[in-house]
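Participant: Here the sequence shown stands for residues 3 to 244, numbered as in my numbering.
Positions of the beta carbon are idealized from the N, C-alpha and C atoms, including for glycine.
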Amino acid sequence: METIKKITKARAGLVLSAPFFASISLHLKLKEDLECPTAYTDSVVLGYNPKFVDKLSNAELKGVICHEVLHIAMLHPFRRNSRDHLRWNIACDYAINPIVKEAGFSLPEGALLEDRYKGLEAEVIFNLLPKQFATSINLIGEVRDYKQDKSDKKSNTLKQQEKNWKITLTGAAQIAKAQGKLPAGLDRMIQEILQPKFPGVRSYPDSSLRMPKMTIHGLFQTKGICILVCIFLRSILQHLEL
Ligand SMILES: [Zn+2]
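1. Any heavy atom of ligand 1 within a distance shorter than 7 Å of the CB on residue 68?
2. Can you name the residues that DSSP bridges to residue 31?
3. When a residue counts only if its C-beta is closer than 5 Å to some heavy atom of ligand 1, which residues count, in chain order?
4. Are there 16 or more other CB atoms within 10 angstroms of the CB of residue 64, so buried, or fewer, so exposed?
5. Have a look at 71, 81, 29, 33 and flag the residue whose alpha-carbon is nearest the alpha-carbon of residue 5.
6. Buried or exposed: where does residue 144 fall if 16 or more other Cβ atoms within 10 Å of its Cβ makes it buried?
7. What would DSSP say about residue 148, mapped onto helix, strand or coil?
8. Would you mind giving the Cβ-Cβ distance between residue 61 and residue 50, rounded to the nearest angstrom? I have them listed as a contact below 8 Å.
9. In this structure, what does DSSP give as the bridge partners for residue 174?
10. Taking DSSP as the reference, what is the three-state secondary structure of residue 75?
11. Where residue 147 and residue 44 are concerned, what is the direct C-alpha to C-alpha distance, given to the nearest angstrom?
12. Considering only DSSP beta bridges, list what residue 41 is partnered with.
13. CB-CB under 7 Å to residue 196, same chain, minus the five flanking residues each way: which ones, in chain order?
14. Just to check my reading of the structure: residue 20 and residue 75 have Cβ atoms closer than 8 Å, yes? What is that Cβ distance to the nearest angstrom?
15. Report the rounded CA-to-CA distance for residue 47 versus residue 26, giving the unit in angstroms.
16. Residue 6 lies in the alpha helix (DSSP H); which residues open and close that run?
17. Nearest to residue 110 by alpha carbon, out of 140, 154, 178?
18. Would you report the Cα separation of residue 182 and residue 149, rounded to the nearest angstrom?
19. So residue 175 packs on residue 22, CB below 8 Å; how close in whole Å?
20. Per DSSP, what kind of secondary structure is residue 210 in: helix, strand or coil?
21. Skipping 5 residues on each side, what residues in its chain have a beta carbon closer than 7 Å to that of residue 92?
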């Protein structure tokens, strides 16, 4: 089967069973790209290498599409800042692959999954990862930064693109939820992304650079001290910014 037909069929197969994933994926333009080893998204296209897609089963392909959708649902194309691209991708994959599995989808062999990172945000995982990786590490679906096309007057700025996606994600989540087809865990994570309780944490490019003796991995885990920790972090960050 022609690769693009295989992807179209997989996306269509998500419509009834997983409307949130289906509707988000339908916003992405399919783009064949032989230079990409697997697949990627930048919030505009869903790029794919036919050689990678052709080897996948239909179930795995659905899983890869959901993986890329989750990169967008978690706003990963807008959140990297100055972080290392590979390390950021690894962190993002550890953040979203458990959600793909919990939603009942398959992932290709080698997909990054570790229980210790489950439930953590990409920024937090990023700070827990080693700084160096083997370049051969297996990313089943890359996330790339959104880049405005300056030659196209209709092309959105990064802020506008992020804002538009938040509106689209909110609508898609509401529709899927009304149908009873938005997994509870995913619903909670999307709400946290769209209406973060601690928005300041994400706005700093790499907290480990600014706070060499501090880690923030406990911030979202111990709710009782969250507010105090947040106030403490903000006061330090404000001080460092002066
Ligand atoms: Zn990925």
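Facilitator: According to the structure shown:
1. Here residue 68 refers to the residue found at position 66 when the sequence shown is read from its first residue. For ligand 1, not one heavy atom lies less than 7 Å from the Cβ of residue 68.
2. Counting from one through the sequence shown, the residue named residue 31 turns up at place 29. Residue pairing of residue 31 in beta bridges, as defined by DSSP: 47.
3. Those satisfying the condition are, in chain order, 95, 143.
4. To locate residue 64, count along the sequence shown from 1; it is residue 62. Buried, because 16 or more other Cβ atoms sit within 10 Å of the Cβ of residue 64.
5. For this step, residue 5 is matched to residue 3 along the sequence shown. Selection 71, 81, 29, 33 evaluated against residue 5 yields 33 as nearest (Cα-Cα).
6. Taking the first residue of the sequence shown as 1, we reach residue 144 at position 142. Looking at its Cβ environment, which holds 16 or more other Cβ atoms inside 10 Å, residue 144 is buried.
7. Locating residue 148 in the sequence shown gives position 146, where the first residue counts as 1. Coil at residue 148, not helix or strand.
8. By 1-based counting over the sequence shown, the position of residue 61 is 59. By 1-based counting over the sequence shown, the position of residue 50 is 48. At roughly 17 Å, the Cβ-Cβ gap does not stay under 8 Å, so residue 61 and residue 50 are not in contact.
9. Translated into positions along the sequence shown, residue 174 becomes position 172. DSSP lists no bridge partner for residue 174.
10. Residue numbering aside, residue 75 sits at position 73 when the sequence shown is read from its first letter. Note: residue 75 maps to helix in three-state DSSP.
11. One-based indexing of the sequence shown puts residue 147 at position 145. One-based indexing of the sequence shown puts residue 44 at position 42. The straight-line gap separating the alpha-carbon atoms of residue 147 and residue 44 is approximately 6 Å.
12. On the sequence shown, position 39 is the one that residue 41 refers to. According to DSSP, residue pairing for residue 41 in a beta bridge involves 50.
13. On the sequence shown, residue 196 is found 194 positions in, with the first residue counted as 1. If we look at residue 196 and ignore the five residues flanking it on each side, its Cβ neighbours are 168, 171, 172.
14. Residue numbering aside, residue 20 sits at position 18 when the sequence shown is read from its first letter. Residue numbering aside, residue 75 sits at position 73 when the sequence shown is read from its first letter. Their Cβ separation, rounded to whole angstroms, is 12 Å, which puts residue 20 and residue 75 out of contact at 8 Å.
15. Position 45 of the sequence shown, counting from 1, holds the residue named residue 47. Position 24 of the sequence shown, counting from 1, holds the residue named residue 26. Taking the CA atoms as reference points, residue 47 sits about 11 Å from residue 26.
16. Walking along the sequence shown from the start, residue 6 turns up at place 4. Counting along the chain, residue 6 sits inside the alpha helix (DSSP H) bounded by residues 5-19.
17. In the sequence shown, counting from the first residue as 1, residue 110 sits at position 108. Nearest option by C-alpha distance: 140.
18. Translated into positions along the sequence shown, residue 182 becomes position 180. Translated into positions along the sequence shown, residue 149 becomes position 147. Distance between the alpha carbons of residue 182 and residue 149: 35 Å.
19. Residue mapping note: residue 175 aligns to position 173 of the sequence shown, counting from 1. Residue mapping note: residue 22 aligns to position 20 of the sequence shown, counting from 1. Contact between residue 175 and residue 22 is confirmed by a C-beta separation of about 6 Å, below the 8 Å threshold.
20. Working through the sequence shown from its first residue, we reach residue 210 at position 208. Confidence at residue 210 is low in this model, with a pLDDT of 42, below 50, so the placement of that residue should be treated as unreliable; the coordinate-derived value is given next. The three-state reading of DSSP puts residue 210 in helix, counting H, G and I together.
21. For the purposes of this step, residue 92 is taken as residue 90 along the sequence shown, with counting starting at 1. Counting only Cβ-Cβ distances below 7 Å, and skipping sequence neighbours, we find 114, 131, 135, 139.
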